[in-house]
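Chemist:
There are 2 protein chains.
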Amino acid sequence: MESHEDCIIFLLSKAYQKAHGILKERLRPYGLTTLQQLILGTLSLEDGQSAGEIGQRLVLDSATVSGTLDRLADGGWISKETDPNDRRVVRISLTAKAREAEISLKQTRQQCNAEILKPLSLEERILFKRLLKDLR
Amino acid sequence: MESHEDCIIFLLSKAYQKAHGILKERLRPYGLTTLQQLILGTLSLEDGQSAGEIGQRLVLDSATVSGTLDRLADGGWISKETDPNDRRVVRISLTAKAREAEISLKQTRQQCNAEILKPLSLEERILFKRLLKDLR
DNA sequence: AAAAAATGCTTCGTATACAAGATATCATCC
DNA sequence: GGATGATATCTTGTATACGAAGCATTTTTT
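Sequence lines, in order, name chains A and B. Once you know that position 12 of the first sequence is 73 in the numbering used here, the rest is easy, because the numbers rise by one and skip nothing. Once you know that position 77 of the second sequence is 138 in the numbering used here, the rest is easy, because the numbers rise by one and skip nothing.
(1) Just to confirm before moving on: does the CB-CB distance between A/K158 and A/V151 stay below 8 Å?
(2) Under 7 Å Cβ to Cβ from B/R118, same chain only, skipping five residues before and after it: list those, please.
(3) Have a look at A/L88 and B/N146 and give me their C-alpha separation to the nearest angstrom.
(4) My understanding is that A/I187 touches B/L84, with C-beta atoms under 8 Å, so please give their C-beta distance in whole angstroms.
(5) Could you give the DSSP three-state label for B/R87: helix, strand or coil?
(6) Pull up the DSSP beta-bridge partners for A/L155, would you.
(7) According to DSSP, is B/S182 helix, strand or coil?
(8) For A/G113, count neighbouring C-beta atoms within 10 Å of its own C-beta (all shown protein chains included) and say buried if the count is 16 or more, exposed if not.
(9) So is A/S74 buried or exposed if we call it buried at 16+ other beta carbons inside 10 Å?
(10) Between the stretch 72-92 of chain A and chain B, which residues of the former have CB atoms less than 9 Å from a CB of the latter, in chain order?
(11) Is it buried or exposed, B/I139, if we count other Cβ atoms within 10 angstroms and call 16 or more buried?
(12) Where does B/S111 sit, in a helix, a strand or coil, going by DSSP?
(13) If we call anything under 8 Å between Cβ atoms a contact, is A/H65 one with B/L192?
(14) Just mark B/G116 as buried or exposed, buried being the case when its beta carbon has 16 or more other beta carbons within 10 Å.
(15) Return the first residue and the last residue of the alpha helix (DSSP H) that A/S64 is part of.
(16) Could you tell me which chain A residues have their CB closer than 7 Å to the CB of B/L192, listed as they occur along the chain?
(17) Taking 8 Å as the CB-CB limit, is A/R160 close to chain B?
(18) Which residues mark the beginning and the end of the alpha helix (DSSP H) in which A/L106 is found?
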């Protein structure tokens with residue numbers, strides 16, 4: 062006993078690693094990383110968010126957001142524009158390319174969720190999500 | 062509906078982020094990162110493991126292990142030695158410095174586990190760990 | 001014994017993640 | 001209206017994390 066198997070941080074990191082790996086694999090055809098896909102998903106719900114709003118919603122550091130937005134812009138998924146009312150703010154919009162992939166990406170997300178949760182029963186899934194949220 | 066809150070990968074990453082942050086903070090006085098501490102913990106159970114064995118036990122890529130062992134050696138926590146029977150293998154041993162911190166580090170680990178799981182009841186904790194393992 | 005395959009580790013490239021600091025812009029106060 | 005502080009973003013440095021390529025060594029094949 063007293064191994065890393067008892068360590069909740071270890072268990073969480075490995076569970077995340079596994080889930081992340083599954084999505085990563087399915088995103089390969091798109092040339093998107095999981096974080097990039099997550100940001101596109103948020104913009105899909107509300108276009109024109111600022112970099113700061115995105116970071117706040119997804120609980121991401123500003124440095125992480127900044128770099129990821131750069132790569133999304135390089136890939137032609139988003140466009141950046143400074144807000145005319147507050148020139149400190151950068152507003153992010155989806156490009157036509159991102160709009161076209163929107164539905165397909167959403168399906169991919171849902172399929173991954175289903176695959177990851179497959180080992181759990183329906184009740185366990187609901188409980189599991191609640192416990193994960195309760196940690197916060 | 063249909064936000065990132067429903068995404069199991071998102072929930073896992075944020076739960077991990079939180080747990081990781083708590084341990085990271087408590088390890089600051091030691092100058093150790095969470096992964097470095099995890100490796101020291103494994104070596105504490107069995108000294109002289111090879112780099113490959115450590116990676117296998119902790120489910121880590123060989124590249125990740127390699128870099129982390131370098132930093133642990135730089136910090137004077139471990140020593141590396143090539144196995145005389147198989148010169149491809151690098152065997153890792155704890156230094157006196159690591160031995161001295163052993164008990165204190167173990168306590169830190171346990172305190173963090175307790176703090177992270179504080180929001181959950183006793184039954185929930187056991188169930189939560191089981192569900193995390195079941196995902197694998 | 002020579003060739004081929006497998007193994008253990010390192011190196012390189014890219015993408016998170018966060019701390020800390022720099023920069024530009026806005027708001028407020030006197 | 002200019003100084004001060006707050007805000008939004010970006011930059012830099014370090015540490016995971018993994019794929020892929022490379023190197024040395026060992027094992028297997030022929």
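Using N, Cα and C, we set each Cβ at its ideal position, and we do this for glycine too.
Modeler: According to the structure data:
(1) No; because the gap between Cβ atoms is not below 8 Å, this pair is not in contact.
(2) Cβ neighbours of B/R118 beyond the five flanking positions: T103.
(3) Linking A/L88 to B/N146 through their CA atoms gives a straight-line distance of about 43 Å.
(4) Not a contact, Cβ separation roughly 28 Å.
(5) If DSSP states are grouped into helix, strand and coil, B/R87 belongs with the helices.
(6) DSSP output for A/L155 lists A/I139 as bridge partner(s).
(7) In this structure, DSSP gives B/S182 a state outside helix and strand, which the three-state scheme calls coil.
(8) By the neighbour-count rule (16 or more Cβ atoms within 10 Å), A/G113 is not buried but exposed.
(9) With 16 or more Cβ atoms within 10 Å of its Cβ, A/S74 is classed as buried.
(10) Hits within the stretch, in order: L72, L73, S74, K75, A76, Y77, Q78, K79, A80, H81, I83, L84.
(11) Under a 10 Å Cβ-count criterion, B/I139 is classified as buried, with 16 or more other Cβ atoms of the shown protein chains found around its own Cβ.
(12) B/S111: strand per DSSP, three-state reduction.
(13) In this structure, A/H65 lies away from B/L192, with their beta-carbon atoms at least 8 Å apart.
(14) Classification for B/G116: buried.
(15) It is not in any alpha helix (DSSP H) - A/S64 carries neither H nor E in the DSSP assignment.
(16) Simply L181, E185, F189.
(17) Answer no: the Cβ-Cβ gap between A/R160 and chain B never drops below 8 Å.
(18) Counting along the chain, the unbroken alpha helix (DSSP H) around A/L106 starts and ends at 95-106.
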